[in-house]
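Engineer: Have a look at this one before I ask anything.
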Amino acid sequence: MRSIPFLAALPALALAACGNPANEGEAPPASEEAMPVEPDGGIGDGAAPLDTAGGTGIPAALHGRWGLVAADCTSTRGDAKGLIEVDDRSVTFYESRATLDEVAERDGDSIRATFDFTGEGMEWTRDMALASAGGGAELVRTEYGEGAMPEPLRYTQCPSEGDA
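Encoded structure:
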């Protein structure tokens, strides 16, 4: 009948093998570090994210006020028809606004995406690219698809309010 004490000890041994429930929720020991995750969701060496500028909107390098001609940046009469203002989610034109929709390509100083436009009582969608040029002093806007501008437009960065 020596097997009865052994059988009685089995539940205690099984619990001991499962670990200490008092440690639940605590961080694993340093020797058990989690494997890094790649930007595409796969596992690997933990490479830097594809978007080194941070965020998912229009890259910060493209933010600001941009004019087709110098007078677009300095007009006080509200007639700066070539002025655009770019922020994280939109591009504001003289009589319309383009809101970022679906991003196709993006890096620290360029983006190509679908933009939803509204203006003068109308709505439309445009595939558009914005890219930094001239060492960051210029912005190139290119449209694609039906109804797109035939050539890219080049804007010059407007001086900041304190520089004007």
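Numbered per mature numbering (1 follows the signal peptide of the UniProt record, and there is no 0), the sequence shown spans residues -22 to -1, 1 to 142.
Quick reminder that beta carbons are idealized off the backbone N, C-alpha and C, glycines included.
#1: Report the CB separation of residue 101 from residue 93 in whole angstroms; it is logged as a contact under 8 Å.
#2: Might you give, ordered along the chain, the residues of its own chain that have their beta carbon closer than 6 Å to the beta carbon of residue 51, omitting 5 neighbours on each side?
#3: What are the boundary residues of the alpha helix (DSSP H) that residue 52 is part of?
#4: Could you tell me the alpha carbon to alpha carbon distance between residue 87 and residue 115, rounded to whole angstroms?
#5: Drop a sphere of 10 angstroms on the beta-carbon of residue 130, count the other beta-carbons inside from all chains shown, and report buried for 16 or more, exposed for fewer.
#6: Let me check one thing: in DSSP terms, what residues is residue 124 bridge-paired to?
#7: If you run the structure through DSSP and keep just helix, strand and coil, what is residue 9?
#8: Whose CA, out of 48, 53, 89, lies closest to the CA of residue 80?
#9: With DSSP run on the structure shown, which of helix, strand or coil describes residue 60?
#10: Is it the case that the Cβ atoms of residue 68 and residue 97 are separated by a distance below 7 Å?
#11: What span of residues does the beta strand (DSSP E) with residue 107 cover, start to end?
#12: Quick one: what's got a C-beta closer than 8 Å to residue 124's C-beta in the same chain, skipping five residues either side?
#13: I need the DSSP call for residue 76, collapsed to helix, strand or coil.
Structural biologist: Reading from the atomic positions:
#1: Here residue 101 is taken as the residue at index 123 of the sequence shown, counted from 1. Here residue 93 is taken as the residue at index 115 of the sequence shown, counted from 1. Rounded, the Cβ-Cβ distance is 11 Å, inconsistent with contact.
#2: What you label residue 51 is simply residue 73 of the sequence shown in a count that begins at 1. So the list reads 45, 136, once near-sequence residues are dropped.
#3: Taking the sequence shown and counting its residues from 1, one reaches residue 52 at position 74. According to the DSSP assignment, residue 52 belongs to the alpha helix (DSSP H) that extends over 48 to 52.
#4: Here residue 87 refers to the residue found at position 109 when the sequence shown is read from its first residue. Here residue 115 refers to the residue found at position 137 when the sequence shown is read from its first residue. One Cα belongs to residue 87, the other to residue 115, and the distance between them is close to 12 Å.
#5: The sequence position of residue 130 within the sequence shown is 152, counting from 1. An exposed status is given to residue 130, since fewer than 16 other beta-carbon atoms sit within 10 Å of its beta-carbon.
#6: The residue given as residue 124 occupies position 146 in the sequence shown. Answer is none; residue 124 lacks a bridge partner.
#7: Numbered from 1 along the sequence shown, position 31 holds the residue referred to as residue 9. Confidence at residue 9 is low in this model, with a pLDDT of 45, below 50, so the placement of that residue should be treated as unreliable; the coordinate-derived value is given next. Of the three classes helix, strand and coil, the one that applies to residue 9 here is helix, per DSSP.
#8: Taking the sequence shown and counting its residues from 1, the one referred to as residue 80 is at position 102. Answer by Cα proximity: 89.
#9: Counting from 1 along the sequence shown, the entry for residue 60 is found at position 82. For residue 60, the three-state secondary structure derived from DSSP is coil.
#10: Reading the sequence shown from its first residue, position 90 is the one you call residue 68. Reading the sequence shown from its first residue, position 119 is the one you call residue 97. No. Outside cutoff.
#11: In the sequence shown, the residue the question calls residue 107 occupies position 129. Run containing residue 107: 100 to 111, per the beta strand (DSSP E) assignment.
#12: In the sequence shown, the residue the question calls residue 124 occupies position 146. Excluding residues within five positions, none has a Cβ falling inside 8 Å.
#13: Counting from 1 along the sequence shown, the entry for residue 76 is found at position 98. Residue 76 sits in a strand when the DSSP states are folded into three classes.
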